[in-house]
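A.B. asks: Protein chains in written order, with the UniProt record's numbering: chain A, 1 to 488; chain B, 1 to 488.
Don't be surprised by glycine CBs; every beta carbon is placed ideally from N, CA and C.
Note that the structure is predicted; figures quoted are calculated from it, not measured.
There are 2 protein chains.
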Amino acid sequence: MFAEAEADPSLSKEEFKPLEARLRVALLNAQYQRLQKADKTLLIVIAGIDGAGKGATVNLLNEWMDPRHIKTLAYGPREGAALERPPFWRYWHDLPPKGSTGIVFGSWYTPLLQEATRKKPDQNSIEAQAAAIRRFEAMLAAEGVQIVKLWFHLSAKAQKARAERLLASPETSWQVSPVDLKVYKKYDRIRNAGQVVLNHTDSGHAPWVVIPSADGDMRAARTAEAVLAAMRQRGVPRIPPAFVAHASPMRVVDRLGELDYDAKTDKDDYESELGLLQGRLARAARSKKFQDRSLVLVFEGQDAAGKGGAIRRVTHALDARQFDITPISAPTSEELARPYLWRFWRHVPRHGRIAIFDRSWYGRVLVERVEKLTAPVNWRRAYAEINDFEGQLAASGALVLKFWLAVTPDVQLERFKEREESPFKNFKITAEDWRNRDKWKDYAAATNEMLTRTDVAHAPWHLVSANDKRYARLQVLRHIVEAMENQL
Amino acid sequence: MFAEAEADPSLSKEEFKPLEARLRVALLNAQYQRLQKADKTLLIVIAGIDGAGKGATVNLLNEWMDPRHIKTLAYGPREGAALERPPFWRYWHDLPPKGSTGIVFGSWYTPLLQEATRKKPDQNSIEAQAAAIRRFEAMLAAEGVQIVKLWFHLSAKAQKARAERLLASPETSWQVSPVDLKVYKKYDRIRNAGQVVLNHTDSGHAPWVVIPSADGDMRAARTAEAVLAAMRQRGVPRIPPAFVAHASPMRVVDRLGELDYDAKTDKDDYESELGLLQGRLARAARSKKFQDRSLVLVFEGQDAAGKGGAIRRVTHALDARQFDITPISAPTSEELARPYLWRFWRHVPRHGRIAIFDRSWYGRVLVERVEKLTAPVNWRRAYAEINDFEGQLAASGALVLKFWLAVTPDVQLERFKEREESPFKNFKITAEDWRNRDKWKDYAAATNEMLTRTDVAHAPWHLVSANDKRYARLQVLRHIVEAMENQL
Numbered sequence: 001m002f003a004e005a006e007a008d009p010s011l012s013k014e015e016f017k018p019l020e021a022r023l024r025v026a027l028l029n030a031q032y033q034r035l036q037k038a039d040k041t042l043l044i045v046i047a048g049i050d051g052a053g054k055g056a057t058v059n060l061l062n063e064w065m066d067p068r069h070i071k072t073l074a075y076g077p078r079e080g081a082a083l084e085r086p087p088f089w090r091y092w093h094d095l096p097p098k099g100s101t102g103i104v105f106g107s108w109y110t111p112l113l114q115e116a117t118r119k120k121p122d123q124n125s126i127e128a129q130a131a132a133i134r135r136f137e138a139m140l141a142a143e144g145v146q147i148v149k150l151w152f153h154l155s156a157k158a159q160k161a162r163a164e165r166l167l168a169s170p171e172t173s174w175q176v177s178p179v180d181l182k183v184y185k186k187y188d189r190i191r192n193a194g195q196v197v198l199n200h201t202d203s204g205h206a207p208w209v210v211i212p213s214a215d216g217d218m219r220a221a222r223t224a225e226a227v228l229a230a231m232r233q234r235g236v237p238r239i240p241p242a243f244v245a246h247a248s249p250m251r252v253v254d255r256l257g258e259l260d261y262d263a264k265t266d267k268d269d270y271e272s273e274l275g276l277l278q279g280r281l282a283r284a285a286r287s288k289k290f291q292d293r294s295l296v297l298v299f300e301g302q303d304a305a306g307k308g309g310a311i312r313r314v315t316h317a318l319d320a321r322q323f324d325i326t327p328i329s330a331p332t333s334e335e336l337a338r339p340y341l342w343r344f345w346r347h348v349p350r351h352g353r354i355a356i357f358d359r360s361w362y363g364r365v366l367v368e369r370v371e372k373l374t375a376p377v378n379w380r381r382a383y384a385e386i387n388d389f390e391g392q393l394a395a396s397g398a399l400v401l402k403f404w405l406a407v408t409p410d411v412q413l414e415r416f417k418e419r420e421e422s423p424f425k426n427f428k429i430t431a432e433d434w435r436n437r438d439k440w441k442d443y444a445a446a447t448n449e450m451l452t453r454t455d456v457a458h459a460p461w462h463l464v465s466a467n468d469k470r471y472a473r474l475q476v477l478r479h480i481v482e483a484m485e486n487q488l
Numbered sequence: 001m002f003a004e005a006e007a008d009p010s011l012s013k014e015e016f017k018p019l020e021a022r023l024r025v026a027l028l029n030a031q032y033q034r035l036q037k038a039d040k041t042l043l044i045v046i047a048g049i050d051g052a053g054k055g056a057t058v059n060l061l062n063e064w065m066d067p068r069h070i071k072t073l074a075y076g077p078r079e080g081a082a083l084e085r086p087p088f089w090r091y092w093h094d095l096p097p098k099g100s101t102g103i104v105f106g107s108w109y110t111p112l113l114q115e116a117t118r119k120k121p122d123q124n125s126i127e128a129q130a131a132a133i134r135r136f137e138a139m140l141a142a143e144g145v146q147i148v149k150l151w152f153h154l155s156a157k158a159q160k161a162r163a164e165r166l167l168a169s170p171e172t173s174w175q176v177s178p179v180d181l182k183v184y185k186k187y188d189r190i191r192n193a194g195q196v197v198l199n200h201t202d203s204g205h206a207p208w209v210v211i212p213s214a215d216g217d218m219r220a221a222r223t224a225e226a227v228l229a230a231m232r233q234r235g236v237p238r239i240p241p242a243f244v245a246h247a248s249p250m251r252v253v254d255r256l257g258e259l260d261y262d263a264k265t266d267k268d269d270y271e272s273e274l275g276l277l278q279g280r281l282a283r284a285a286r287s288k289k290f291q292d293r294s295l296v297l298v299f300e301g302q303d304a305a306g307k308g309g310a311i312r313r314v315t316h317a318l319d320a321r322q323f324d325i326t327p328i329s330a331p332t333s334e335e336l337a338r339p340y341l342w343r344f345w346r347h348v349p350r351h352g353r354i355a356i357f358d359r360s361w362y363g364r365v366l367v368e369r370v371e372k373l374t375a376p377v378n379w380r381r382a383y384a385e386i387n388d389f390e391g392q393l394a395a396s397g398a399l400v401l402k403f404w405l406a407v408t409p410d411v412q413l414e415r416f417k418e419r420e421e422s423p424f425k426n427f428k429i430t431a432e433d434w435r436n437r438d439k440w441k442d443y444a445a446a447t448n449e450m451l452t453r454t455d456v457a458h459a460p461w462h463l464v465s466a467n468d469k470r471y472a473r474l475q476v477l478r479h480i481v482e483a484m485e486n487q488l
């Protein structure tokens, strides 16, 4: 894998000059004619041996391509807001839009490489991290992000010689970091770690390319060629199933049909119970322990099932400084230019905070499925992607609770009519609501499959009978209060 | 000002019921028919006596209006990333788009109120903070943000009674915070502080409305009425000049004309000098002191003046993890939905980081002025707004350096032709460049006025003779290096 690079090949000036001219034109043309028209993002991941000239290459790419459409994303250790979110959050956060190029420096490979470079690497950690990366990259690739990963490599001898050459002159010595100087001492360990990482994460849709880096011209030419090949790739790559955490065959249970829709709470019980539950929620949300956790509440349900009312009963108990409601409607152009989950990653809460979603990422397997807004291949893989997303939230300290507020068709009809007649509710009812109602069975099937495939321990679904609004609101509050009290 | 509110007026149930029904319909109608069509943002600022029911009112507004178009923005003390930016940064950052409503809780008034509530308030600090707020609100108002500020008020007696009533029941006691309990002890001080703040910051375009808050129904009705009045306001309010830090009459000097365009550096001097300057820049940017500062570099100049080349000579000395180039082109839809400066506030760097703008907010007084893309009233007030923006950056620890790379028409023509002939530069030259060239004199006049009005000590312009690229690059580097070495 590294054999060619460790032979430290080089290009003569005579070989490089015409190559350079040709590559620069080709890169610019590809950037303009392919990438922007192809409606995809190019992500170039930079990794490799320290002191192999990665920084210089990032500058070079900015020089050879049109820098206005390149975003250099450079990451150091996680800190501040990023520490309170899943590790991938900051990469999602900064993901450049379609038509542009991101060069990622200090990427999601850094922790994996650090682990693999240790004297006694933890194999389980390596496997788990590599699997998470494969899922991440497969999802990006499937959603129009073309990924190419460059591993800059050179022999131990060349690495040492390069550092010494740069150090010798006061004009270039600043290019050598203390890390570079240490590299040749543990060259073998870093090299072997690179091999492990490349073996675990190489794929057709997100390939690793080893760049011989001892000679600057060779490094430049090979980098340009690798980037060019990625830009010239057409369409969305085929993701082999092994790279996607795919949905296992499961028996879809008719949970909607099995629900007891007669459950009721009378007014007096409701008033006293509501106050008590809100009091408990208020205390839990203000507790010291919650300051190291966060809460993600997902509200789904048929139209007019009472999501808004339930949400307001929850927020009534909360300090307004603490929560954030994100109502999901049509995506903005910045959202449309990124993979589907990006718009939800934008709203992942910090510790001590509560994010409430009035409709959510489940739109992918509900409305987008039923209304055929996305291809079946997309919503089919979404179950696993959503489980993965919520798993990351849970692992970073979020309590993820999901509510499906379920009503029967007759109760929905009653509420629709009531809304149409109410002067301050008629904005809530549109022609679309009536159209959705006609597809009741399709939505029910999609809902049952969703409940089956995404009801996971770290992010449970609570199916709530909502024909009686009071009963539903208390159920929602009770689930939240109990989950918080148990976990905090 | 507070007399009516301190009489603690109330509404009977009979008065409130029909009023509520009417107000809810009116609010929804206004939200749909006025606000969204009027292409503006509504900002509702929440302040007042603690324990006056501000939190409940925020919930109520979410209940009465369509919450999908309301963003509750709640701020606590500044922390993390916000601490490394100007105080207003987080309010800019979260500004909701046009067509929506933001309710601001813990707003830019918090520090001012805290100061005014102290036993011995610092009058200078109060004046300075109030002036900064006036400039901020005037700018927002002028750019399509309708602001209404609500001061929730009640008598000391009523405040105490309300806290005791809530405390008495376990179901509501959580609504009372320790702060609320202390309020009645220093009621007079808080009340007087409110008076000072309201007097300093009340204006036609961002009015304060005092909401009598002892009675929940009265509070609800008055809040709804105030919000309604704001939503019904048509068009952009007239900002009295006193509220805008307006441009003083200045003699516009022909600095472009006075520049020595023959300045040159020969190749040998260039190579050695470049390396030395890059070395000094590298050391300065990596120094410990820079970790508490940031650097904002603005590059402007005629087309083909060599901005890109100069930027690359700067970034060559920097660690890619440290800098971020923002090339300014057409704004996105999310940017167009906010005030002009929002898209630049998005890129204000953290400490230890360098933000490079390839073109910048000066587009407002250059291309937008010359090409008549904005009304004269907008670019005329932009000088003061820009000075204010950069002043805030400087005050928060940023070193702001601005470069105008100046070429003569004949040199530009040469470079245009050369670009057209170069296979890897011809993408850089468009019909627009030729059109801009025809307006050389208009651009020169706009540039000279910009240099005169915005060359301030905290953010100096460096007018760089750029007919010789080598000379220009060294000048840019030298200015940056010297500024950093002086300031760090």
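Got a sec: which bits of the segment 81 to 107 of chain B sit with their beta carbon under 9 Å from any beta carbon on chain A, in order along the chain?
C.D. replies: The residues in question are A81, P97, I103, F105 and G106.
A.B. asks: At 7 Å on the CB atoms, spell out the chain A contacts of W174 of chain B, in chain order.
C.D. replies: The residue you call residue 174 of chain B lines up with position 174 of the second sequence. Here the neighbours are G279, A282 and R283.
A.B. asks: Could you list the residues in the segment 324 to 351 of chain B with a C-beta less than 8 Å from some C-beta on chain A, going in chain order?
C.D. replies: Under the 8 Å Cβ criterion, the segment 324 to 351 of chain B contributes D324, I325, P327, S329, T332, S333 and E334.
A.B. asks: If we ignore side chains and look at the alpha-carbon of each, how far apart do A382 of chain B and A226 of chain B end up?
C.D. replies: Here residue 382 of chain B refers to the residue found at position 382 of the second sequence. Here residue 226 of chain B refers to the residue found at position 226 of the second sequence. Their backbone Cα atoms lie some 30 Å apart in a straight line.
A.B. asks: Let me check understanding here. Comparing Cα to Cα, which of B:G194, B:A384, B:K288 and B:N426 lies closest to M484 of chain B?
C.D. replies: To locate residue 484 of chain B, count along the second sequence from 1; it is residue 484. When each option's Cα is compared against that of M484 of chain B, the closest is B:K288.
A.B. asks: Can you find a CB in chain B that lies within less than 8 Å of the CB of T315 of chain A?
C.D. replies: In the first sequence, the residue the question calls residue 315 of chain A occupies position 315. Taking Cβ atoms only, chain B reaches closer than 8 Å to T315 of chain A, which makes this a yes.
A.B. asks: Have a look at B:I126, B:P207, B:D122 and B:R286 and flag the residue whose alpha-carbon is nearest the alpha-carbon of A47 of chain B.
C.D. replies: The residue you call residue 47 of chain B lines up with position 47 of the second sequence. Comparing Cα positions, the closest option is B:P207.
A.B. asks: Under 8 Å Cβ-Cβ, which residues of chain A neighbour A163 of chain B?
C.D. replies: To locate residue 163 of chain B, count along the second sequence from 1; it is residue 163. Those within 8 Å of A163 of chain B in chain A number zero; the least Cβ separation is about 16 Å.
A.B. asks: When the distance is taken between beta carbons, is H205 of chain A closer than 8 Å to I239 of chain A?
C.D. replies: For the purposes of this step, residue 239 of chain A is taken as the residue at position 239 of the first sequence. For the purposes of this step, residue 205 of chain A is taken as the residue at position 205 of the first sequence. Taking 8 Å as the Cβ cut-off, I239 of chain A and H205 of chain A qualify as a contacting pair.
A.B. asks: Under 8 Å, with one C-beta from each stretch per pair, do the segment 41 to 59 of chain A and the segment 296 to 310 of chain B reach the 3-pair mark?
C.D. replies: Contact fails: fewer than three Cβ-Cβ distances are below 8 Å.
A.B. asks: Skipping 5 residues on each side, what residues in its chain have a beta carbon closer than 6 Å to that of D468 of chain B?
C.D. replies: Sequence index remark: in the second sequence, residue 468 of chain B carries index 468 (1-based). The answer, listed in chain order, is K264.
A.B. asks: Kindly indicate which three-state DSSP category K185 of chain A falls into: helix, strand or coil?
C.D. replies: Here the question's residue 185 of chain A lines up with position 185 in the first sequence. If DSSP states are grouped into helix, strand and coil, K185 of chain A belongs with the helices.
A.B. asks: What does the alpha-carbon distance come out to for the pair D217 of chain A and R251 of chain A?
C.D. replies: Your numbering for residue 217 of chain A matches position 217 in the first sequence. Your numbering for residue 251 of chain A matches position 251 in the first sequence. Taking the straight line joining both Cα atoms gives about 58 Å.
A.B. asks: Mind pulling the chain B residues with CB within less than 8 Å of A63 of chain A?
C.D. replies: Taking the first sequence and counting its residues from 1, one reaches residue 63 of chain A at position 63. Looking at the sequence itself, residue 63 of chain A is Glu, so the reference to Ala does not match. Neighbours of E63 of chain A on chain B, chain order: R312.
A.B. asks: Pop quiz: H153 of chain B and S107 of chain B are said to be a contact at Cβ under 8 Å. What is the actual Cβ separation, rounded to whole angstroms?
C.D. replies: What you label residue 153 of chain B is simply residue 153 of the second sequence in a count that begins at 1. What you label residue 107 of chain B is simply residue 107 of the second sequence in a count that begins at 1. In fact, because the Cβ distance is near 17 Å, the residues do not count as touching under 8 Å.
A.B. asks: Report the neighbours of A18 of chain B on chain A: residues whose CB is nearer than 9 Å to its CB, in chain order.
C.D. replies: Reading the second sequence from its first residue, position 18 is the one you call residue 18 of chain B. Note that residue 18 of chain B is Pro in the sequence shown, not Ala. Result: empty, since nearest Cβ-Cβ is about 12 Å, beyond 9 Å.
A.B. asks: Near G397 of chain B, which residues of its chain fall below 8 Å by C-beta distance, leaving aside the five closest residues on each side in sequence?
C.D. replies: In the second sequence, the residue the question calls residue 397 of chain B occupies position 397. So the list reads E84, D292, R293, S294 and H351, once near-sequence residues are dropped.
A.B. asks: Are the beta-carbon atoms belonging to P237 of chain A and A141 of chain A less than 8 Å from one another?
C.D. replies: Within the first sequence, the letter at position 237 stands for residue 237 of chain A. Within the first sequence, the letter at position 141 stands for residue 141 of chain A. Closer than 8 Å, so yes.
A.B. asks: Just the C-alpha distance for V400 of chain B and H93 of chain A, rounded to the nearest angstrom, thanks.
C.D. replies: As a first step, residue 400 of chain B must be located in the second sequence, where it is residue number 400. As a first step, residue 93 of chain A must be located in the first sequence, where it is residue number 93. Cα-Cα distance, rounded: 27 Å.
A.B. asks: With a threshold of 6 Å on Cβ separation, who are the neighbours of F344 of chain A within its own chain once the five nearest residues in sequence on each side are excluded?
C.D. replies: Your numbering for residue 344 of chain A matches position 344 in the first sequence. Hits under 6 Å: W361.
A.B. asks: Contact check, S329 of chain B vs R473 of chain A under 8 Å by CB: the rounded distance?
C.D. replies: On the second sequence, position 329 is the one that residue 329 of chain B refers to. On the first sequence, position 473 is the one that residue 473 of chain A refers to. That pair is no contact at about 49 Å.
A.B. asks: Can you check whether the CB of V45 of chain B is closer than 8 Å to the CB of I147 of chain B?
C.D. replies: Counting from one through the second sequence, the residue named residue 147 of chain B turns up at place 147. Counting from one through the second sequence, the residue named residue 45 of chain B turns up at place 45. Cβ atoms of I147 of chain B and V45 of chain B: closer than 8 Å.
A.B. asks: For A224 of chain A and R232 of chain A, I'd like the C-alpha separation in whole angstroms.
C.D. replies: Numbered from 1 along the first sequence, position 224 holds the residue referred to as residue 224 of chain A. Numbered from 1 along the first sequence, position 232 holds the residue referred to as residue 232 of chain A. Taking the straight line joining both Cα atoms gives about 12 Å.
A.B. asks: What's the gap between the Cα of L413 of chain A and the Cα of G309 of chain A?
C.D. replies: If you number the first sequence from 1, residue 413 of chain A lands on position 413. If you number the first sequence from 1, residue 309 of chain A lands on position 309. Each residue's Cα considered, the two are about 18 Å apart.
A.B. asks: What residues of chain A sit near V58 of chain B, judged by a beta carbon separation below 8 Å?
C.D. replies: Locating residue 58 of chain B in the second sequence gives position 58, counting from the first residue. Ordered by position in chain A, the residues that pass the 8 Å Cβ test against V58 of chain B are A320.
A.B. asks: At the level of alpha carbons, what is the spacing between L228 of chain A and R234 of chain A?
C.D. replies: Against the first sequence, residue 228 of chain A aligns to sequence position 228. Against the first sequence, residue 234 of chain A aligns to sequence position 234. Near 12 Å, if we compare the C-alpha coordinates of R234 of chain A and L228 of chain A.
A.B. asks: Would you check if there are 3 or more beta carbon pairs closer than 8 Å linking the segment 168 to 178 of chain A to the segment 1 to 21 of chain A?
C.D. replies: Cβ pair count under 8 Å is below three, so no.
A.B. asks: Which one or two residues does DSSP pair with H153 of chain B in a beta bridge?
C.D. replies: The count along the second sequence starts at 1 and reaches residue 153 of chain B at position 153. DSSP, once it has assigned bridges, lists B:P212 as partnering H153 of chain B.
A.B. asks: Measuring only the C-alpha atoms, how far is L28 of chain A from T326 of chain B?
C.D. replies: Numbered from 1 along the first sequence, position 28 holds the residue referred to as residue 28 of chain A. Numbered from 1 along the second sequence, position 326 holds the residue referred to as residue 326 of chain B. When rounded, the distance between both Cα atoms is 19 Å.
A.B. asks: A459 of chain A touches chain B at which residues, Cβ-Cβ below 9 Å?
C.D. replies: Locating residue 459 of chain A in the first sequence gives position 459, where the first residue counts as 1. In chain order: nothing, as chain B lies at least about 24 Å away.
A.B. asks: Are the C-beta of G55 of chain A and some C-beta of chain B separated by less than 8 Å?
C.D. replies: Numbered from its first residue, the first sequence carries residue 55 of chain A at position 55. Closer than 8 Å: yes.
A.B. asks: When you compare each of A:G279, A:A444, A:A56 and A:V196 to E482 of chain A by their alpha carbons, which one comes out closest?
C.D. replies: As a working mapping, residue 482 of chain A is identified with position 482 in the first sequence. Ranking A:G279, A:A444, A:A56 and A:V196 by Cα distance to E482 of chain A puts A:G279 first.
A.B. asks: Three or more beta-carbon pairs under 8 Å between the segment 109 to 120 of chain B and the segment 162 to 171 of chain B, yes or no?
C.D. replies: No contact exists between the segment 109 to 120 of chain B and the segment 162 to 171 of chain B.
A.B. asks: Among A:K54, A:T110, A:P111 and A:K71, whose alpha-carbon lies nearest the alpha-carbon of Q159 of chain A?
C.D. replies: Translated into the one-based positions of the first sequence, residue 159 of chain A becomes position 159. For the residues A:K54, A:T110, A:P111 and A:K71, the minimum Cα distance to Q159 of chain A belongs to A:K54.
A.B. asks: Specify the secondary structure class of A263 of chain A as computed by DSSP and reduced to three states.
C.D. replies: Looking up residue 263 of chain A in the first sequence gives position 263. It is coil, neither helix nor strand.
A.B. asks: With the cut-off set at 8 Å, would you say Q392 of chain A and F88 of chain A are in Cβ contact?
C.D. replies: Numbered from its first residue, the first sequence carries residue 392 of chain A at position 392. Numbered from its first residue, the first sequence carries residue 88 of chain A at position 88. Taking 8 Å as the Cβ cut-off, Q392 of chain A and F88 of chain A qualify as a contacting pair.
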